[in-house]
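Notes follow once the structure below has been shown.
In full-length UniProt numbering, the protein residues as written are 1 to 226.
So, in structure tokens, the structure goes:
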């Protein structure tokens, strides 16, 4: 019997579309904030955005779909490119709360485009492009991380604080256990770099993390000035 190439082609297309749909399902978001002092205090250094030096506050790194087993989808829809016209009313807030510190200095669009195309396209079943960025901004408003730490006596003053104290302060302030990521400066000090929160698939509610990212932190962490 001759193979039915038309039927085989249809089956392959259906298989591809099925895999694509599966790749766009996810279990929760990581909402990630980063401390600019730690980002800049490394060998790679940083470049301030064209709008000037950001305020000394945690900035948004991203809103990332994840699976409960610790893996994650990425670049789910190559046809869904970043369109700055869809976020025109959000740009002022994004410059303030989601600044790019990468070099060369930029206006943020390269950073936001990367975040949408790598991560945001995997959340399109829940959030369109505007909603994706708007959701992250609302989460930033909801979680005033710097104030939570200051209320616990933890300041960005180049001093060292215990990982437990930082984690406990954030849990007390938000009701949920954070993931904490560190980097090392040129003097090899371990610094507070990023804080991860878990959010349900609607992007509306903080949840207890099904899995936390592996921490590179020691027991004592420097909170660098910015």
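Where a beta carbon is used, it is the ideal one built from N, C-alpha and C, also for glycine.
Same chain, Cβ closer than 6 Å to residue i, neighbours up to 5 away in sequence not counted
i, result
"residue 119", "62, 64"
"residue 214", "none"
"residue 50", "105, 107"
"residue 110", "none"
"residue 31", "63, 139, 197, 199"
"residue 121", "76, 77, 80"
"residue 99", "49, 54, 59"
"residue 224", "37, 38, 41, 158, 191"
"residue 103", "47"
Per DSSP, the bridge partner or partners of residue i
i, result
"residue 199", "29, 206"
"residue 182", "192"
"residue 65", "29"
"residue 220", "162"
Own chain residues within Cβ distance below 7 Å of residue i, not counting five before or after
i, result
"residue 36", "54, 59, 101, 226"
"residue 57", "146"
"residue 22", "In this prediction, residue 22 has a pLDDT of 42, which is less than 50 and means its spatial position is unreliable; nothing more can be read from the coordinates."
"residue 83", "129"
"residue 70", "211"
"residue 115", "62"
"residue 34", "58, 59, 61, 193, 194"
"residue 169", "148, 149, 152, 154"
"residue 89", "none"
"residue 97", "59, 60, 137, 140"
Assumed close pair residue i, residue j - CB separation to whole angstroms, cut-off 8 Å
i, j, result
"residue 75", "residue 117", "6 Å"
"residue 137", "residue 94", "7 Å"
"residue 73", "residue 26", "6 Å"
"residue 180", "residue 68", "Residue 180 to residue 68, Cβ: 20 Å. No contact."
Close Cβ partners of residue i (< 8 Å) along its chain, the five nearest in sequence each way excluded
i, result
"residue 208", "176, 177, 198"
"residue 174", "143, 148, 197, 206"
"residue 29", "63, 64, 65, 66, 123, 198, 199, 200, 201, 203"
"residue 220", "160, 161, 162, 163, 190"
"residue 216", "181, 182, 183, 190"
Query - Residue ranges of each beta strand (DSSP E) within the region 18-61, 3 or longer - result: 28-34
Report task. Just list the alpha helix (DSSP H) runs in the region 109-145, keeping only unbroken ones of 4 residues or longer that don't cross its boundaries, in chain order. Result -> 109-118, 129-142
Query raised in the report: Does the region 36-45 come close enough to the region 184-194 that 3 or more CB-CB pairs lie under 8 Å?
Result: yes
Query raised in the report: Okay, do the region 194-202 and the region 151-165 touch, 3+ Cβ pairs below 8 Å being the bar?
Result: no
Report task. Evaluate contact between the region 159-169 and the region 129-141, counting only Cβ atoms and requiring at least three cross-stretch pairs below 8 Å. Result -> no
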